[in-house]
Amino acid sequence: MSTPLADTTNPDLGLLYAVNGLAKRSPQWLDHLVSWIGEYGILIGLAMLGLVAWLQARRRPDAPVAVAGLLWVPLSVAIAELANLPIAAIVNRPRPFVDHSGLLVLVDGKAGTHSFVSDHSTMTMGVAVALFLVNRRLGWIAGGLALLQGFCRMFMGVHYPTDVIGGFALAAAVVLLLAPIAMAVLVPLCHALGRTALAPLIRAPERAGAGGGPRGRRRGRERGTVRSEEQPPESDLAA
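Counting from 222, one number per residue, gives the positions in the sequence shown under our numbering.
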């Protein structure tokens, strides 16, 4: 038996019907496209952003700290998903199409599963918030994808708006509250890995001629004045 939370308030249900109504008025190809994006596409896009962030982090002066922050991205998502297990069991909210008729459901296999909180929303917002701590530009992009994810889940008829909001809140809380503890462990770990054979995963190898060779030293002297005036790259994470 579901808890009273299943008796959704009118604004919550009204917004769901409004967004899902777009699916009813859309051509079938668009419904299929949104369904694929909402199930897989955004998650693939976030994985690509993570790869770009890692390639950039390896070239930063604080590479071990930046890479440690990126390690926190999947770890925080995993912790948030584990935290969602007891929450979903306690709330025991069925999918919206179970209690409310007239919804167009665009994906199969969701009957009998919990609606609150949205796993997809939790994952995407967790990636966005954790990535923002390392790379603000990519974090903003990931945040946009997370909002799109929430819209897609309602468009598909498988989540209430409050399921999406709950997923966003859970992810943000886990990432931000546990980040100091995680970084206290991950930063020393990445510094240690940087002194092993796994060092290329932490810091990009220096290109030939850029450092200690005669040409590198000569270029360094020629450009010393310019480089001394340059500001160091912004570091979003404290060591």
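Glycine is no exception: its CB is placed at the ideal position from the N, C-alpha and C atoms.
Simplified DSSP state of residue i, which is helix, strand or coil
i           : result
residue 321 : coil
residue 401 : helix
residue 315 : strand
residue 233 : helix
residue 439 : The predicted model places residue 439 with a pLDDT of 49, which falls under 50 and marks its position as unreliable; any figure quoted below should be read in that light. Three-state result, residue 439: helix.
residue 326 : coil
residue 432 : Since pLDDT at residue 432 reaches only 49, below the 50 mark, its modelled position is unreliable, and no value is offered.
residue 410 : helix
residue 421 : helix
When the options are compared against residue i, the one with the closest alpha-carbon
i           : options               : result
residue 400 : 427, 421 and 351      : 351
residue 289 : 412, 419 and 427      : 412
residue 320 : 309, 254, 270 and 333 : 333
residue 366 : 267, 379, 294 and 300 : 267
residue 397 : 232, 327 and 354      : 354
residue 360 : 315, 313, 328 and 294 : 294
residue 297 : 393, 264 and 369      : 393
Whole-angstrom C-beta distance between residue j and residue i, which should lie under 8 Å
i           : j           : result
residue 241 : residue 376 : 6 Å
residue 281 : residue 379 : About 39 Å; that fails the 8 Å criterion.
residue 385 : residue 339 : 5 Å
Residue i - partner residues in DSSP beta bridges
i           : result
residue 335 : 315
Along the chain, which unbroken stretches of the alpha helix (DSSP H) at least 4 residues long are found entirely within the stretch 344–388?
The stretch 344–388 contains these whole alpha helix (DSSP H) runs: 357–376.
Which complete alpha helix (DSSP H) runs does the stretch 241–307 hold, if anything under 4 residues is left out?
Taking only runs of at least 4 residues, the alpha helix (DSSP H) segments lying wholly in the stretch 241–307 are 249–257 and 263–278.
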